[in-house]
Amino acid sequence: MRIATFNINGIKARLPRLIEWLEETQPDVACLQEIKTSDETFPEKDIAAAGYGAIWHGQKGFNGVAILARGQMPVEIARGLEGEAEDEHSRYLEADVDGIRVASIYLPNGNPQPGPKFDYKLRWMHRLRLRAAQIWAEEVPAVLAGDYNVIPQDRDTFSVKAMETDALMQPESRAAYRRLLGDGWTDALASRHPQGGVWTYWDYQANSWPRDAGFRIDHLLLSPAAADRLKDAQVDKDHRGREKASDHAPAWVELG
DNA sequence: ATGTCCCGTCGTACGGGA
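Heads up, the final residue of the first sequence is numbered 438 in this note's numbering, and it's a clean run with no missing numbers.
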């Protein structure tokens with residue numbers, strides 16, 4: 183069973199690329215982020231025609247997450263994180279597919295830092311950790327997949343210096359991510375590629391893609407029952423190089 | 001400091017967000 187995460191940076195602008203990726207790689211589950219569309223304009227029919235059931239948590243213009251399942255409908259478990267009633271960003275969606283708990287996560291970017299956006303990022307990470315603990319207590323195989331907007335370690339960026347003041351790499355961001363790992367969650371890409379140098383994001387600016395100036399911010403965290411089944415974890419890097427590509431590449435895990 | 005792309009709009013250029 184292959185579970186993928188893909189920040190598509192606008193599902194309407196990216197629809198041909200998304201359908202192409204689904205048809206070429208046939209993931210069993212696809213967690214999408216930054217769909218940037220309201221619920222009413224989500225392209226449900228196009229995705230169904232590609233063979234996928236879908237649930238989504240949209241928002242006009244910004245953010246927005248979805249979960250797609252090949253040949254079936256994801257069973258929705260949760261929508262949004264608890265703990266901050268005034269938070270109206272659509273950044274979290276959780277479902278069951280074939281006995282696996284799956285979350286699609288779009289963690290706040292947090293720039294510029296310091297500032298209110300960075301504070302919101304850290305609060306959101308705390309709320310995510312609380313939800314992760316609840317899932318953990320259910321002892322289900324679980325995959326928390328998405329754009330975490332955190333560069334976990336120095337080996338996860340083309341340049342520490344270029345990113346040193348960025349919210350993605352601040353000690354507080356890294357510590358919050360590390361706490362999740364400390365709770366027992368397995369970073370699938372890191373576990374399969376411990377040497378680092380695996381990127382999931384290349385900025386549109388500064389000629390980043392041609393010079394491979396990327397970093398790793400899209401992560402799949404596995405509960406113990408899922409980690410026991412981990413066969414492979416990779417990035418569909420070639421999809422970043424196509425016409426009208428997202429600035430992220432899809433990342434995925436294969437579970438046995 | 002800049003670059004580039006997507007979104008929505010008192011729209012056909014611009015600001016917000018990344």
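Where a beta carbon is used, it is the ideal one built from N, C-alpha and C, also for glycine.
Note that the coordinates shown come from a computational prediction; the quantities given were computed from them, not determined experimentally.
Could you name the residues that DSSP lists as bridge partners for residue i?
i	result
residue 285	276 and 326
residue 369	403
residue 261	275
residue 430	383
residue 185	211 and 435
residue 412	437
residue 397	339 and 383
residue 417	433
Answer with buried or exposed for residue i, where buried requires no fewer than 16 other C-beta atoms within 10 angstroms of its C-beta.
i	result
residue 386	exposed
residue 352	buried
residue 312	exposed
residue 413	exposed
residue 406	exposed
residue 347	exposed
residue 343	exposed
residue 315	exposed
residue 424	exposed
residue 341	exposed
residue 199	buried
residue 267	exposed
residue 294	exposed
residue 394	exposed
Could you tell me if the beta carbon of residue i falls within a distance shorter than 6 Å of some heavy atom in the ligand NAP?
i	result
residue 410	For the structure depicted, the ligand NAP is absent and the ligand set is empty, with no information on it obtainable.
With a Cβ-Cβ cutoff of 7 Å, do residue i and residue j count as a contact?
i	j	result
residue 285	residue 326	yes
residue 230	residue 201	no
residue 186	residue 209	yes
residue 183	residue 362	no
residue 430	residue 383	yes
residue 214	residue 260	no
residue 273	residue 245	yes
residue 279	residue 211	yes
residue 350	residue 331	yes
residue 226	residue 189	no
residue 333	residue 324	no
residue 197	residue 239	no
residue 264	residue 237	no
residue 381	residue 364	no
residue 337	residue 378	yes
residue 254	residue 235	yes
residue 368	residue 415	no
residue 428	residue 191	yes
Give the C-beta separation of residue i and residue j to the nearest angstrom, bearing in mind that I take them to be a contact with Cβ-Cβ under 8 Å.
i	j	result
residue 370	residue 404	5 Å
residue 262	residue 289	Going by Cβ atoms, the distance from residue 262 to residue 289 rounds to 13 Å, so no, they are not a contact pair.
residue 420	residue 207	That pair is no contact at about 10 Å.
residue 310	residue 287	7 Å
Whole alpha helix (DSSP H) runs in the region 200-249 with 4 or more residues, listed along the chain? 226-231
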